[in-house]
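Worksheet: the structure to be examined is printed underneath.
Number of protein chains: 2
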Amino acid sequence: MPTEHTYKQFDAELEAVRARVLEMGGLVEEQINRAVDALVSGDMDLADQVMAMDHKVNALEVATDEDCTHIIALRQPAASDLRLILTIIKTVTDLERIGDEASKIARMTKKIYEGDRLTGPRYSEIKYMAGLAIKMLHNALDAFARLDTSVAAQLARADMEVDEEFHMITRHLITFMMEDPRTISTVIDLLFVVKALERIGDHSKNMSEYVVYMVKGKDVRHTSIEELEKEA
Amino acid sequence: MPTEHTYKQFDAELEAVRARVLEMGGLVEEQINRAVDALVSGDMDLADQVMAMDHKVNALEVATDEDCTHIIALRQPAASDLRLILTIIKTVTDLERIGDEASKIARMTKKIYEGDRLTGPRYSEIKYMAGLAIKMLHNALDAFARLDTSVAAQLARADMEVDEEFHMITRHLITFMMEDPRTISTVIDLLFVVKALERIGDHSKNMSEYVVYMVKGKDVRHTSIEELEKEA
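Each protein sequence line maps, in turn, to chains A and B. Reading the first sequence from the start, the letters are residues 1 to 232 in this note's numbering. Reading the second sequence from the start, the letters are residues 1 to 232 in this note's numbering.
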């Protein structure tokens, strides 16, 4: 028979693994912030830091998965506890991939500054789009921390805005290249930065959808905004 | 006490969910094959089919996750059974994203053929790279079906080859745009096709790493090729 002691220990384990997800989230947020700052300011130390942080993020992913496996095997969680664990397993996958995207931005930034630097109006647009993506990640982590099911619908809308920014910036970058083909090589690097930001939006949206599953037991992936609003 | 009947039923459930993963894998393979055929041949019906298949792939992802959750909650699997279930949960996420990439290729293909079609030498290179990515996916699914831990090291090498192809084709596409800036818009669409193929390689490599975890209980993500070879 499980004793009260066992329950307390189980709760502490769940709390520890939840805290680890938020730690990983904070680290990944820091990675994107620094990657975007590096791009805008040209501070290559920041870009190096972003890439160096990737090992830590990867290690947190592996450790969290291991914790979750142990909890399932030893505690045999059911209902909402099991949904929390499965949500965490999904969430760390997306967080790790956001970390990869931040590293890509840092790598592209180094390439851009090593080559002929662009002095274009594009950074302000990219900075704006980055702000949207960073806010999406922040809100997704908040939703996880506060078990807030209303964020999924918000992020579905925010993701549409990020996608629109992506298409607009891509069009502008194409015009830029056509006007001055010498910029093509650098602009392609920028295009991959913008693509990485678009992916960060997607991953954040995924994470907010897992929160709905965790709280309500309903899988809302691949559903409409109206469906998400009903679950808010 | 679990009876022999219970064990047989449990085995049948595990077998059913494994079969569903392979069904989903087959569907996703078909999506990429058709997407690449559409790009090379200009057959827009094929491109439409790829996008239409996405709903089926998404539905299989959701249904498989649901099955896995039920199995964990009701059967409380341990050891290798639990690892199988966790591997399946990870695998379907990657499969679903490969399906997304196939849809992206189909969408880009439609854009490319709606605009001024390129008559360049690039399709043969892209076709070659696509062949590598498709083979990676096929081998990853085979590894899952046959519990083959030797595939992870193979796919880590294959992924390096796909990445090299990606960089080479990108360089060629840049030269192409510089020589004829009127092609820029179309070439950017092609660039996103090549990027999608590169991602398919990444996802396939992930899947082969999960197989090592499933069979040996060892998490080999973020490790070196030498480490992967040791587990082969």
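Here a beta-carbon is modelled for each residue, glycine too, at the ideal position from N, C-alpha and C.
Cβ separation of residue i and residue j, assumed to be a contact under 8 Å, to the nearest whole Å
i: B/M214; j: B/R83; result: 5 Å
i: A/F144; j: A/V211; result: 6 Å
i: B/V151; j: B/S208; result: 5 Å
i: A/D54; j: A/I89; result: In fact, because the Cβ distance is near 20 Å, the residues do not count as touching under 8 Å.
i: A/L86; j: B/T69; result: 6 Å
i: A/A73; j: B/A73; result: The pair is not a contact, with the Cβ atoms about 14 Å apart (cut-off 8 Å).
i: A/T91; j: A/V21; result: 6 Å
i: A/E138; j: A/E30; result: What sits at residue 138 of chain A in the sequence shown is His, not Glu. That pair is no contact at about 11 Å.
Local Cβ density within 10 Å of residue i, reported as buried at 16 or more and exposed below that
i: A/D180; result: exposed
i: B/E4; result: exposed
i: A/H203; result: buried
i: A/E96; result: buried
i: A/K9; result: Position check: residue 9 of chain A holds Gln in this sequence, whereas Lys was assumed. Label assigned to A/Q9: exposed.
i: A/A133; result: buried
i: B/R34; result: buried
i: B/D45; result: exposed
i: A/T6; result: exposed
i: A/L60; result: buried
i: A/E101; result: buried
i: B/G25; result: buried
i: B/A232; result: exposed
i: B/A19; result: exposed
Test item: CB-CB of residue i and residue j under 7 Å
i: B/G42; j: B/Y113; result: yes
i: B/F166; j: B/E198; result: yes
i: A/I174; j: B/I184; result: yes
i: A/K205; j: A/D159; result: yes
i: A/D67; j: A/V17; result: yes
i: A/F176; j: A/M108; result: no
i: B/D189; j: B/K111; result: yes
i: A/M136; j: A/L155; result: yes
i: A/G99; j: A/V57; result: yes
i: B/M51; j: B/A106; result: yes
i: B/I225; j: B/A153; result: yes
i: B/G115; j: B/T186; result: yes
i: B/K104; j: B/A47; result: no
Residue interval of the alpha helix (DSSP H) (run including residue i)
i: A/T109; result: A79 to E114
i: A/L46; result: M44 to R75
i: B/R20; result: E4 to S41
i: B/T175; result: V151 to E179
Practice problem: Only counting runs of 4 or more residues, tell me where the alpha helix (DSSP H) segments fall wholly within the segment 202 to 231 of chain B, in order along the chain. | Solution: Correct list: 225 to 230.
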